[in-house]
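Heads up: the structure comes next, in structure tokens.
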Amino acid sequence: MKNKTPRILKRIGNFWRDKLRTILTVIAVFIGAFTIALTSAVNVGVNDYIDKQIGIFGNDSTFLEVSKKMENSPFGDSEGPTEYNPNQTSMNMAGMSYETLSDKDLEKIKAIDGIEKIEPYKAVAIEYIEGANSKKFSINARSTISGMVLDTKSGQPIDVDSNQPEINLPASYVEALGFENDEDAIGATVKLAVKNSATGKTEETTAKVVGILNKSLVQDMVGFYNQAALDEMFELQTAGLPDAMKHNYIGAMANLETDFTSGDNLEKIKKSLDGAGYRGLTIEDQIGMVR
């Protein structure tokens, strides 16, 4: 004990002689530990937020996004020209060519064991939305499918299977469209306009407001309409076009049977799609790179 006492006293003396260095070292250790803890917390928080936002799509394996399997890059084949295929249908987007799905493709996909329903992506460009005050506003809106769980602050989510056109509005559009509050907007009818691809003329249809959406990553400034509204707008937009142009889709959404939403059965569907020349991705497949 007598031998240790001088060493202890010496260390205490060193501390007081170089207090600044000691204090800075302690602070650095504290900041390092805090940074590690904060980084871990942020990672957990971001993943939790992502989970909540993609929860809008319901169980992430209840449906698959299906498209033609890309044999060649839309940017071109570095190994040389691609041989022409007369049976291939394609769509040009931003100067790049993508293979598309036809009605025959949809029938082929629907016949795969485990796929309950297949709905093609119908590209609709809404020119404007008009409400009670007759003012016109641009809006980013999209269709929904069975299994999506929309987060409404007032009213109710749209009925995907209803024969009547319905829409859920972003909260920021309530006052802009001339409604006093959410309750005033719910039950009201709004106009949705699209431009006919053949004539260039703007055509209008209507949809009933059934709910107001909470603001979130997925729903911020975005409205959602049901299949009935989509079908009406798509018909107005494509009226007069040849059938070959009307029934040409960049992709489709396949609803899966209950027993095929996970595990080996889900992988079996993906392999069947791959073997038939298609690609099937779940929401989890697509969101995985964000985590």
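Counting in the numbering used here, the sequence shown runs from 214 upward without gaps. Glycine included, C-beta positions come from ideal geometry on N, C-alpha and C.
Close CB contacts of S280 within its chain, under the 6 Å cut and outside five residues either way in sequence, are with G464, R492 (chain order). Put simply, the region 312 to 323 does not touch the region 342 to 355. Fewer than three CB pairs are less than 8 Å apart. Below 8 Å, too few C-beta pairs join the region 443 to 451 and the region 387 to 399 to call them touching: fewer than three. Here the C-alpha atom of K330 lies approximately 9 Å from the C-alpha atom of I322.
The residue from A411, N439, E417 with its alpha-carbon nearest to that of V423 is N439.
Take E343, set aside five residues on each side of it, and the residues of its chain with a beta-carbon closer than 6 Å to its own are K349, K404, in chain order. Shortest Cα-Cα distance from A336 to any of N346, A324, K481, S356 involves S356. Only exposed fits G413, as fewer than 16 other CB atoms lie within 10 angstroms of its CB. Looking at the DSSP output, E343 shares a beta bridge with K349, K404. Inclusion of A420 and A442 in the CB contact set at 8 Å is warranted, their separation being smaller than that value.
DSSP places F473 outside any beta strand (DSSP E), giving it a letter other than H or E.
Judged by DSSP secondary structure, L277 falls within the beta strand (DSSP E) whose first and last residues are 276 to 281. Just so you know, the alpha carbons of T471 and D487 end up roughly 21 Å apart. A distance below 8 Å separates the beta carbons of L426 and L382. By the Cβ neighbour-count rule, N394 is exposed, with fewer than 16 other Cβ atoms within 10 Å of its own. V362 counts as exposed, since fewer than 16 other beta carbons sit within 10 angstroms of its beta carbon. With a cutoff of 8 Å on beta-carbon distance, A411 and A345 are scored as not near each other. The C-beta distance from V407 to E340 rounds to 6 Å, short enough to fall under 8 Å. Apart from sequence neighbours up to five positions away, the residues of its chain that approach V435 with a beta-carbon distance below 7 Å are N353, A354, R355, P383, ordered along the chain. By the neighbour-count criterion, in which 16 or more other beta carbons inside 10 Å mark a residue as buried, E379 falls on the buried side. If the five residues before and after A338 are omitted, its C-beta is found closer than 8 Å to the C-beta atoms of V407, K408, Q450, all from its own chain and listed in chain order.
Judged by DSSP secondary structure, L443 falls within the alpha helix (DSSP H) whose first and last residues are 440 to 451. If you check the CB distance, T495 and L277 come in under 8 Å.
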